[in-house]
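As structure tokens, the structure follows; a few thoughts come after it.
Residue numbers (full-length UniProt numbering): 1 to 330.
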């Protein structure tokens with residue numbers, strides 16, 4: 001870690017604030033939002049006061065202030081008074097958590113990991129490259145399960161709450177964030193351990209009328225981390241298409257996602273659980289996982305399970321393949 005007495009690097013400060021290093025350098029070149037002192041006269045090294053200035057720049061641009069105007073205000077804040085210094089690397093903060101909510105994203109995040117706060121900042125600014133970079137770092141550092149549950153989901157929920165309470169504002173933020181999360185999850189699924197296994201796959205599908213497919217994409221990525229075969233069919237799969245997919249693929253399990261009770265299709269779930277295939281004398285039916293909050297309120301029927309979250313879903317499916325759940329990367 002850099003010596004904080006001499007400041008931290010541009011890459012480090014960019015990760016802390018949820019922006020790309022290119023954005024930080026661009027602000028310096030265009031608007032004079034740079035460190036007061038440079039190491040060897042060339043390399044940018046950011047002091048706590050410099051970071052506070054960048055933090056103010058992030059807060060203002062996220063609230064819609066034009067960058068040039070935000071830069072003037074941020075520079076004045078540094079020179080006119082002692083700014084409120086954000087947490088720096090040598091501050092005693094619990095691992096993965098911020099000491100206080102702090103300004104910047106305008107989203108109701110609450111007590112979350114610092115990475116979620118940075119992701120929210122980048123999303124509100126519509127800084128796609130920063131969002132992509134932060135998601136890649138989160139997956140590499142924490143693994144799929146932790147990155148999904150503690151970074152991606154809290155940020156998505158905060159955007160959704162902001163959208164609902166602001167008369168359809170922030171819709172563009174939700175779309176950008178969802179697209180980049182989907183891209184990161186699909187990339188993680190593709191780069192999982194290569195498998196040429198003849199084993200029957202897991203079918204992943206949203207019930208008819210259900211458009212929320214990101215949780216299933218997270219499950220697909222988690223199964224890919226373990227080298228388990230999947231077939232992803234995505235959002236709003238028609239009942240006839242799901243029936244055909246199950247009969248043609250002969251899956252070990254079928255995960256059906258329902259976000260709300262209005263989309264939960266219990267008759268379809270029972271039909272899938274009762275679909276038998278294979279040779280005569282050795283016919284079998286898939287285990288049906290009722291995934292998502294839409295299935296709550298009614299006990300699972302025979303042949304069905306209702307996992308409470310991503311780790312449990314991965315564990316249940318792994319055991320169907322004879323693998324211990326504890327080996328999942330978290």
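Beta carbons: idealized from backbone N, C-alpha and C, even for Gly. Just so you know, these numbers come straight off a predicted model, no measurement behind them.
Just mark residue i as buried or exposed, buried being the case when its beta carbon has 16 or more other beta carbons within 10 Å.
i           : result
residue 171 : exposed
residue 296 : exposed
residue 155 : buried
residue 37  : exposed
residue 319 : exposed
residue 217 : buried
residue 76  : exposed
residue 79  : exposed
residue 276 : exposed
Going by beta carbon distance, what residues of the same chain come within less than 6 Å of residue i, once the five residues before and after it are set aside?
i           : result
residue 129 : 20
residue 311 : 145
residue 27  : 33
Using beta carbons (cut-off 7 Å, strictly below), is residue i in contact with chain D?
i          : result
residue 17 : Absent here is chain D; the protein component of the structure consists of one chain.
Helix, strand or coil: which one does DSSP assign to residue i?
i           : result
residue 230 : strand
residue 265 : coil
residue 8   : strand
residue 202 : strand
residue 125 : coil
residue 276 : coil
residue 306 : coil
residue 289 : strand
residue 36  : coil
residue 271 : helix
residue 154 : helix
residue 20  : coil
residue 213 : coil
residue 119 : helix
residue 207 : coil
residue 259 : coil
Identify, in the order they occur along the chain, each residue of the same chain with its Cβ nearer than 8 Å to the Cβ of residue i, setting aside the five sequence neighbours on each side.
i           : result
residue 337 : Because the chain spans 1 through 330 in this model, residue 337 falls outside it and cannot be assessed.
residue 159 : 107, 120, 123, 170, 173, 174, 177
residue 22  : 129
residue 302 : 273
residue 60  : 69, 70, 73, 74
residue 134 : 15, 18, 115, 118, 119, 122
residue 248 : none
Run through the DSSP bridge pairs and tell me what residue i is partnered with.
i           : result
residue 46  : 8
residue 253 : 202, 287
Once you ignore the five residues that flank residue i on each side, which residues in its own chain have a CB closer than 7 Å to its CB?
i           : result
residue 199 : 229, 321
residue 35  : 7, 44, 45, 46, 47, 50
Quick check: does the Cβ of residue i come within less than 6 Å of any heavy atom belonging to the ligand GTP?
i           : result
residue 264 : This structure does not include the ligand GTP; it has no bound ligands of any sort.
Using 8 Å as the threshold, is the stretch 43-57 in touch with the stretch 142-149, meaning 3 or more CB pairs across them?
no
Please determine if the stretch 217-235 and the stretch 263-274 are in contact, where contact requires at least 3 C-beta pairs separated by less than 8 Å.
no
Pairing CB atoms from the stretch 203-220 with CB atoms from the stretch 245-265, are three or more of them under 8 Å?
yes
Between the stretch 172-182 and the stretch 119-127, are three or more C-beta pairs nearer than 8 Å?
yes
Quick test of the definition: if touching needs 3 or more C-beta pairs under 8 Å, does the stretch 244-257 touch the stretch 285-299?
yes
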